[in-house]
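Chemist:
Number of protein chains: 2
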Amino acid sequence: MKTSDAILISSVPNIIYFTNYSGFSETEREAFILITTNKNYLITDSRYSEALKKHTSGFEIINSGAINFISNAKDFFHINKIYTLAIEEDNITLAESKLLKKSVKIVPTFFFQKRIIKTPQEIENIKKACKIGDMAFNFILAKLKTGITEKEISDELIGFFKLKNADLSFKPIVAFGPHSSIPHHENSDTKLKKDQIVLLDFGVKVNNYCSDMTRTVFFGEAPEEFKKIHKTVLNAQQKTIKNIKPNMKLSEIDKTARDYILSQNFPNIIHAVGHGVGIEVHEAPSVSPSSKDIVKNGMVFSIEPGIYVPGYGGVRIEDLVLIKNGNVELISHAKREIIEIHD
Amino acid sequence: MKTSDAILISSVPNIIYFTNYSGFSETEREAFILITTNKNYLITDSRYSEALKKHTSGFEIINSGAINFISNAKDFFHINKIYTLAIEEDNITLAESKLLKKSVKIVPTFFFQKRIIKTPQEIENIKKACKIGDMAFNFILAKLKTGITEKEISDELIGFFKLKNADLSFKPIVAFGPHSSIPHHENSDTKLKKDQIVLLDFGVKVNNYCSDMTRTVFFGEAPEEFKKIHKTVLNAQQKTIKNIKPNMKLSEIDKTARDYILSQNFPNIIHAVGHGVGIEVHEAPSVSPSSKDIVKNGMVFSIEPGIYVPGYGGVRIEDLVLIKNGNVELISHAKREIIEIHD
Chain A
2 MKTSDAILIS
12 SVPNIIYFTN
22 YSGFSETERE
32 AFILITTNKN
42 YLITDSRYSE
52 ALKKHTSGFE
62 IINSGAINFI
72 SNAKDFFHIN
82 KIYTLAIEED
92 NITLAESKLL
102 KKSVKIVPTF
112 FFQKRIIKTP
122 QEIENIKKAC
132 KIGDMAFNFI
142 LAKLKTGITE
152 KEISDELIGF
162 FKLKNADLSF
172 KPIVAFGPHS
182 SIPHHENSDT
192 KLKKDQIVLL
202 DFGVKVNNYC
212 SDMTRTVFFG
222 EAPEEFKKIH
232 KTVLNAQQKT
242 IKNIKPNMKL
252 SEIDKTARDY
262 ILSQNFPNII
272 HAVGHGVGIE
282 VHEAPSVSPS
292 SKDIVKNGMV
302 FSIEPGIYVP
312 GYGGVRIEDL
322 VLIKNGNVEL
332 ISHAKREIIE
342 IHD
Chain B
2 MKTSDAILIS
12 SVPNIIYFTN
22 YSGFSETERE
32 AFILITTNKN
42 YLITDSRYSE
52 ALKKHTSGFE
62 IINSGAINFI
72 SNAKDFFHIN
82 KIYTLAIEED
92 NITLAESKLL
102 KKSVKIVPTF
112 FFQKRIIKTP
122 QEIENIKKAC
132 KIGDMAFNFI
142 LAKLKTGITE
152 KEISDELIGF
162 FKLKNADLSF
172 KPIVAFGPHS
182 SIPHHENSDT
192 KLKKDQIVLL
202 DFGVKVNNYC
212 SDMTRTVFFG
222 EAPEEFKKIH
232 KTVLNAQQKT
242 IKNIKPNMKL
252 SEIDKTARDY
262 ILSQNFPNII
272 HAVGHGVGIE
282 VHEAPSVSPS
292 SKDIVKNGMV
302 FSIEPGIYVP
312 GYGGVRIEDL
322 VLIKNGNVEL
332 ISHAKREIIE
342 IHD
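Chains A and B supply the protein sequences, listed in that same order.
Just so you know, we're using our numbering here: the first sequence kicks off at 2 and counts up by one.
Just so you know, we're using our numbering here: the second sequence kicks off at 2 and counts up by one.
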């Protein structure tokens, strides 16, 4: 069933998906892709002409400027017999939708759903990124010394990724001691002291595809309290992964981890248990109580339960799983069991 | 005239403007600010609770999650007598606007215009950022040696900024030789050779406020062709700056530079002649042919004419100007005249 005469792709991750070109700004509207029956257009401005010639093929480039194009598209749509245009409703702004409505009827597209199921090539890239993440974890453990700061550990990770020619999925999160109870902690100049928790959350991109991994270790001899929290989180993660089955609701996966942690008398997880990973480090499907998705072959998502005790610290363990031929494959491998680091 | 009962602030730069907190994702919807007659709310989720306690005051924090809040806001709006809500039309997505419309009437706000006029405090921050930029330029000239790569020069700049405790406004652009004709060149492993153009475009953030500067130097003895292009760009920039007057249209500022370069038989500038700078490195007002703004005290914008000759190279010279008491103040000072670097 044809519901539109053309599709306008506007979100940067979807533009990367089609072009493999990742140079457009994430915060300014610099490009659109317009897919019509006969032709694919890439609408941008001449600043990108030379870069696009090098990176991308299969598109007719229109250099009018992205916003300028949709502001003056009436004739273009008319000539090309485009009466109904599918757009990304969760990306096009209200102001842009008003501009478009002057020239064409707009309808939602659910195109972005396509990225939920990864191709073998995409999986290959994510696996390569995860492998660099595994290596980075072993590398960084050796750097944990009394007096080193969170920022210094983050810089060491960034330096390691640069050596491996990998971009960052996001700025590494390094949290010492009580900071580990803040899921979005900003790395500080706090120095590492003996008997502190160290939470490390980082990821890299290979050919535009992300990895994402979290480990929580103890600097010193781990006390019983930490051991218990760590064991509970690891059990939650492993039980949850073991329980994943094709066609299961992702909300049930979330529930498995959440309920286990509650059953052990720890507080409810203050974030979703997981999220899809691909061109974006957080993308569909969501592994959360409100998720509507079901487990399918080709999905890649994180399973990352956590226990956070404000003022004391937190533990999170995060790995990516791939659904393949109805089975669950763990694609990050760094040691999950409790690790004690001695100075 | 009251046109709405409350204002919903959604763009991250505007959220930073109000809270001074810059930790929210630029690519995912993680927070809203809701300004009502009695109270200011910051709507986010509990991952941010501890960070916000440290950074921000004056807001009642709602931890329901941003999208979840607008999906279920009917009762909240009703209880608080909010019947008409002003939104950022150029930031709210069409999907979000549909969610909001289930609970409230939405109207556009032009709040973001407010950031066009900078406060003395904001100007202070931008000046500090520009000062670090000036220092970085002198620092980096000494690093230009035969065989160094674009990426290595970029890394040197990033290292310098880190020492100065400044974040990046954007990834430095370093373009050798013919790469300098690509305004959005991606730094490569290309090695610097004698007799090449070196274009450097970089900026830093101080207290969330950006600088932005471009210089183009010659590695070796500059040939006449380069000298002529460089002189034309510099003349275009200086004439344009001298010509800026209060209440002048910004489109006329753009025209001054554009026309001068055309009059010297060089190709038309392939980008806008300038842009506002503040929390965002590109923000209103635009200095472009289609700009509707006029020059006012408190504006800070770049003037950055360029000449680009594909296959040969390009020259761009960019500085920030501040409009103050009807005068134009240049707030970056690194040498603009032709510089020849000898190995």
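Don't be surprised by glycine CBs; every beta carbon is placed ideally from N, CA and C.
I want to see whether chain B comes within less than 8 Å of A/Ile183, judged by CB atoms only; does it?
Modeler: Here residue 183 of chain A corresponds to residue number 182 of the first sequence, with the count starting at 1. Chain B contact via Cβ: present.
Chemist: Shortest alpha-carbon distance to A/Phe267 belongs to which of A/Phe227, A/Ile118, A/Val13?
Modeler: Counting from one through the first sequence, the residue named residue 267 of chain A turns up at place 266. Ranking the options by Cα distance to A/Phe267, first place goes to A/Phe227.
Chemist: Name the residue from A/Ile149, A/Ala67, A/Glu151, A/Val218 whose alpha carbon lies nearest to the alpha carbon of A/Asn139.
Modeler: Counting from 1 along the first sequence, the entry for residue 139 of chain A is found at position 138. Checked all of A/Ile149, A/Ala67, A/Glu151, A/Val218; the closest Cα to A/Asn139 is A/Val218.
Chemist: If we count the other Cβ atoms within 10 Å of its Cβ and call it buried at 16 or more, is A/Val108 buried or exposed?
Modeler: To locate residue 108 of chain A, count along the first sequence from 1; it is residue 107. Here A/Val108 is exposed, its C-beta having fewer than 16 other C-beta atoms within 10 Å.
Chemist: Listing by chain order, which chain A residues have their CB less than 7 Å from the CB of B/Thr28?
Modeler: Locating residue 28 of chain B in the second sequence gives position 27, where the first residue counts as 1. Near B/Thr28 (Cβ distances below 7 Å), the residues of chain A are Glu27.
Chemist: Please report the straight-line C-alpha distance between B/Val296 and B/Leu321, rounded to a whole angstrom.
Modeler: Sequence index remark: in the second sequence, residue 296 of chain B carries index 295 (1-based). Sequence index remark: in the second sequence, residue 321 of chain B carries index 320 (1-based). Whole-angstrom Cα-Cα distance: 14 Å.
Chemist: Put B/Ala223 into one of helix, strand or coil per three-state DSSP.
Modeler: Within the second sequence, numbered from 1, the residue matching residue 223 of chain B stands at position 222. It is coil, neither helix nor strand.
Chemist: For A/Pro311, would you say it is in contact with chain B, using Cβ-to-Cβ distances shorter than 8 Å as the test?
Modeler: In the first sequence, counting from the first residue as 1, residue 311 of chain A sits at position 310. Yes, its Cβ sits closer than 8 Å to a Cβ of chain B.
Chemist: Of the choices B/Lys172, B/Pro290, B/Leu142, B/Gly277, whose alpha-carbon is the least far from that of B/Glu341?
Modeler: On the second sequence, residue 341 of chain B is found 340 positions in, with the first residue counted as 1. Of the candidates B/Lys172, B/Pro290, B/Leu142, B/Gly277, the one whose C-alpha sits nearest the C-alpha of B/Glu341 is B/Leu142.
Chemist: May I have the straight-line CA-CA distance separating A/Val316 from B/Gly277, to the nearest angstrom?
Modeler: Against the first sequence, residue 316 of chain A aligns to sequence position 315. Against the second sequence, residue 277 of chain B aligns to sequence position 276. The alpha-carbon atoms of A/Val316 and B/Gly277 are separated by roughly 43 Å.
Chemist: Tell me the DSSP secondary structure of A/Lys229 in three-state form.
Modeler: Working through the first sequence from its first residue, we reach residue 229 of chain A at position 228. If DSSP states are grouped into helix, strand and coil, A/Lys229 belongs with the helices.
Chemist: Does the segment 78 to 96 of chain A come into contact with the segment 92 to 101 of chain B, if we say contact requires no fewer than three beta-carbon pairs (one atom in each stretch) closer than 8 Å?
Modeler: yes
Chemist: Using the beta-carbon count (16 or more within 10 Å), is A/Thr147 buried or exposed?
Modeler: Taking the first residue of the first sequence as 1, we reach residue 147 of chain A at position 146. By the beta-carbon neighbour count (other beta carbons within 10 angstroms, threshold 16), A/Thr147 is exposed.
Chemist: Evaluate B/Ser11 with the Cβ neighbour count: other Cβ atoms within 10 Å of its Cβ, from every protein chain shown; 16 or more gives buried, anything less gives exposed.
Modeler: Within the second sequence, residue 11 of chain B is the residue found at index 10, counting from 1. Buried, since its Cβ has 16 or more Cβ neighbours within 10 Å.
Chemist: What do you get for A/His180, buried or exposed, if any count of 16 or more other CB atoms within 10 angstroms of its CB means buried?
Modeler: Here the question's residue 180 of chain A lines up with position 179 in the first sequence. Buried.
Chemist: Put A/Lys132 into one of helix, strand or coil per three-state DSSP.
Modeler: Counting from 1 along the first sequence, the entry for residue 132 of chain A is found at position 131. A/Lys132: helix per DSSP, three-state reduction.
Chemist: Pick out whichever of B/Asn188, B/Lys192, B/Asp344, B/Leu193 has its Cα sitting closest to the Cα of B/Asp202.
Modeler: As a position in the second sequence, residue 202 of chain B is number 201, starting the count at 1. Distance from the Cα of B/Asp202 is smallest, within the candidate group B/Asn188, B/Lys192, B/Asp344, B/Leu193, for B/Asn188.
Chemist: Can you pull the chain B residues whose beta carbon is under 8 Å from the beta carbon of A/Thr94, in chain order?
Modeler: As a working mapping, residue 94 of chain A is identified with position 93 in the first sequence. Going along chain B in sequence order, the residues near A/Thr94 (Cβ under 8 Å) are Glu90, Asp91, Asn92, Ile93, Thr94, Leu95.
Chemist: Can you find the residues in the same chain that come closer than 6 Å, C-beta to C-beta, to B/Thr57, ignoring five residues on each side of it along the sequence?
Modeler: By 1-based counting over the second sequence, the position of residue 57 of chain B is 56. Cβ within range, chain order: Thr20, Tyr22.
Chemist: Give me, in chain order, the residues of the same chain whose beta-carbon lies closer than 7 Å to that of A/Lys240; leave out the 5 immediate sequence neighbours on both sides.
Modeler: Here residue 240 of chain A is taken as the residue at index 239 of the first sequence, counted from 1. Hits under 7 Å: Thr257, Tyr261.
Chemist: A/Glu31 and A/Ala67: beta carbons closer than 8 Å?
Modeler: As a working note, residue 31 of chain A is residue 30 in the first sequence. As a working note, residue 67 of chain A is residue 66 in the first sequence. Contact: yes.
Chemist: Sort B/Ile318, B/Gly24, B/Asn81, B/Ile242 by Cα distance to B/Val105 and report the nearest one.
Modeler: Within the second sequence, the letter at position 104 stands for residue 105 of chain B. Ranking the options by Cα distance to B/Val105, first place goes to B/Asn81.
Chemist: Mind checking if A/Ile271 is an interface residue toward chain B, Cβ cutoff 8 Å exclusive?
Modeler: For this step, residue 271 of chain A is matched to residue 270 along the first sequence. A/Ile271 counts as touching chain B.
Chemist: Can you tell me whether A/His79 is buried or exposed? The criterion is at least 16 other CB atoms within 10 Å of its CB, across all chains shown.
Modeler: The residue you call residue 79 of chain A lines up with position 78 of the first sequence. Counting Cβ neighbours within 10 Å, A/His79 comes out exposed, since fewer than 16 surround it.
Chemist: Under three-state DSSP, which class holds A/Ala285?
Modeler: Position 284 of the first sequence holds residue 285 of chain A. The answer is strand: DSSP assigns A/Ala285 an E or B state.
Chemist: Below 8 Å on C-beta distance, what does B/Gly279 contact in chain A?
Modeler: Along the second sequence, read from residue 1 onward, the residue named residue 279 of chain B stands at position 278. Simply none; closest approach about 14 Å.
Chemist: From which residue to which residue does the beta strand (DSSP E) around A/Glu61 run?
Modeler: Residue mapping note: residue 61 of chain A aligns to position 60 of the first sequence, counting from 1. Start and end: 61 to 63.
Chemist: Kindly indicate which residue of A/Thr233, A/Pro121, A/Val207, A/Lys163 has the alpha-carbon position closest to the one of A/Glu338.
Modeler: Start at 1 with the first residue of the first sequence, and residue 338 of chain A comes out as number 337. Comparing Cα-Cα distances from A/Glu338 to each of A/Thr233, A/Pro121, A/Val207, A/Lys163, the minimum goes to A/Thr233.
Chemist: Quick one, are the C-beta atoms of B/Gly1 and B/Glu123 less than 8 Å apart?
Modeler: One cannot answer for residue 1 of chain B here, as it falls past the ends of chain B, which runs 2 to 344.
Chemist: Pull up the DSSP beta-bridge partners for A/Gly275, would you.
Modeler: On the first sequence, residue 275 of chain A is found 274 positions in, with the first residue counted as 1. A/Val288.
Chemist: Hey, how far is the Cα of A/His334 from the Cα of A/Asp135?
Modeler: Mapped onto the first sequence, residue 334 of chain A falls at position 333. Mapped onto the first sequence, residue 135 of chain A falls at position 134. Approximately 6 Å between the Cα atoms of the pair.
Chemist: Please list, in chain order, all residues of the same chain as A/Asp196 whose beta carbon is under 6 Å from its beta carbon, the five residues on each side excluded.
Modeler: On the first sequence, residue 196 of chain A is found 195 positions in, with the first residue counted as 1. So the list reads Gly221, once near-sequence residues are dropped.
Chemist: Could you list the residues in the segment 29 to 61 of chain A with a C-beta less than 7 Å from some C-beta on chain B, going in chain order?
Modeler: Glu29, Ser47, Arg48, Tyr49, Glu51, Ala52
Chemist: For the segment 173 to 202 of chain B, which residues have a CB atom closer than 8 Å to at least one CB atom of chain A, in sequence order?
Modeler: Ser182, Ile183, Pro184, His185, His186, Glu187
Chemist: Please work out which residues of its chain come closer than 6 Å, Cβ to Cβ, to B/Asp46, disregarding the five sequence neighbours upstream and downstream, and give them in chain order.
Modeler: Start at 1 with the first residue of the second sequence, and residue 46 of chain B comes out as number 45. Closer than 6 Å at the Cβ level, and outside the excluded window around B/Asp46, lie Asn64, Gly66.
Chemist: Can you look up B/Ser170 in the DSSP assignment and give me helix, strand or coil?
Modeler: As a position in the second sequence, residue 170 of chain B is number 169, starting the count at 1. Strand.
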